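>
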């Protein structure tokens, strides 16, 4: 009699269940998918009107790569706010706010890279399915240039946000 790996796995599972005192082989319920509510579009867009901290909470990942600091933001729940005529300007504003709020205090790198994506699918644990990412934008700039733009006298507005970034790719 030839025993396959599948048969062996079933026998081992049955033996383990017997040792645990159970014979119930019904599969456990799948973990609930945790999703954040989709944010409604902001009617009168202004930097002060956007709840940036809420938008970045649980949707952003920051990694200090020594040569640069990488920011990764899933903007899927806020997509409606970026599907507008001035999309590039809004994405630049979002990137600027992301870096200003989440830049690690102990990071030494001057180069900042920001990737904004839409996570289209999540697994049963609520984690992103990496093959479902839709790239939205990739931005790069120096931290010093960014800090200069954040100073009250140097507050950028409109198209000036785009000039802060040395590299801006829209996908």
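In the numbering used here, the protein residues as written are 383 to 553. Beta carbons: idealized from backbone N, C-alpha and C, even for Gly. Values in this document were obtained by computation on a predicted structure and should not be read as measured data.
Are the Cβ atoms of residue 550 and residue 521 separated by less than 7 angstroms?
To locate residue 550, count along the chain shown from 1; it is residue 168. To locate residue 521, count along the chain shown from 1; it is residue 139. Result yes, Cβ atoms of residue 550 and residue 521 sit closer than 7 angstroms.
> Tell whether a beta-carbon distance below 7 angstroms holds between residue 523 and residue 494.
Counting from one through the chain shown, the residue named residue 523 turns up at place 141. Counting from one through the chain shown, the residue named residue 494 turns up at place 112. Residue 494 sits close to residue 523, with the two beta carbons spaced by under 7 angstroms.
> In its own chain, which residues sit with a C-beta less than 7 angstroms from the C-beta of residue 448, not counting the 5 before and 5 after it?
In the chain shown, residue 448 corresponds to position 66, counting from 1. Same-chain partners within the cutoff: 491.
> Nearest to residue 485 by alpha carbon, out of 512, 450, 544 and 428?
Taking the chain shown and counting its residues from 1, the one referred to as residue 485 is at position 103. Taking the Cα of residue 485 as reference, the smallest distance to any Cα among 512, 450, 544 and 428 is reached at 450.
> In terms of residues, what are the limits of the alpha helix (DSSP H) holding residue 435?
As a working note, residue 435 is residue 53 in the chain shown. 434-438 is the extent of the alpha helix (DSSP H) around residue 435.
> Who are the near neighbours of residue 445 in its chain, counting only those whose CB is closer than 6 angstroms to its CB and skipping five residues on each side?
Taking the first residue of the chain shown as position 1, residue 445 is located at position 63. If we look at residue 445 and ignore the five residues flanking it on each side, its Cβ neighbours are 452.
> Run through the DSSP bridge pairs and tell me what residue 515 is partnered with.
Position 133 of the chain shown, counted from the start, is the residue given in the question as residue 515. Its beta-bridge partners are 501.
> In whole angstroms, what is the alpha-carbon distance linking residue 552 and residue 441?
Position 170 of the chain shown holds residue 552. Position 59 of the chain shown holds residue 441. Rounded to whole angstroms, residue 552 to residue 441 spans 20 angstroms at the Cα level.
> Pull up the distance between the alpha-carbon of residue 488 and that of residue 510, whole angstroms please.
If you number the chain shown from 1, residue 488 lands on position 106. If you number the chain shown from 1, residue 510 lands on position 128. When rounded, the distance between both Cα atoms is 28 angstroms.
> Whole angstroms are fine: how far does the CA of residue 457 sit from the CA of residue 513?
Indexing the chain shown from 1 puts residue 513 at position 131. Indexing the chain shown from 1 puts residue 457 at position 75. Rounded to whole angstroms, residue 513 to residue 457 spans 16 angstroms at the Cα level.
> By DSSP, does residue 543 sit in helix, in strand, or in coil?
Translated into positions along the chain shown, residue 543 becomes position 161. Helix at residue 543.
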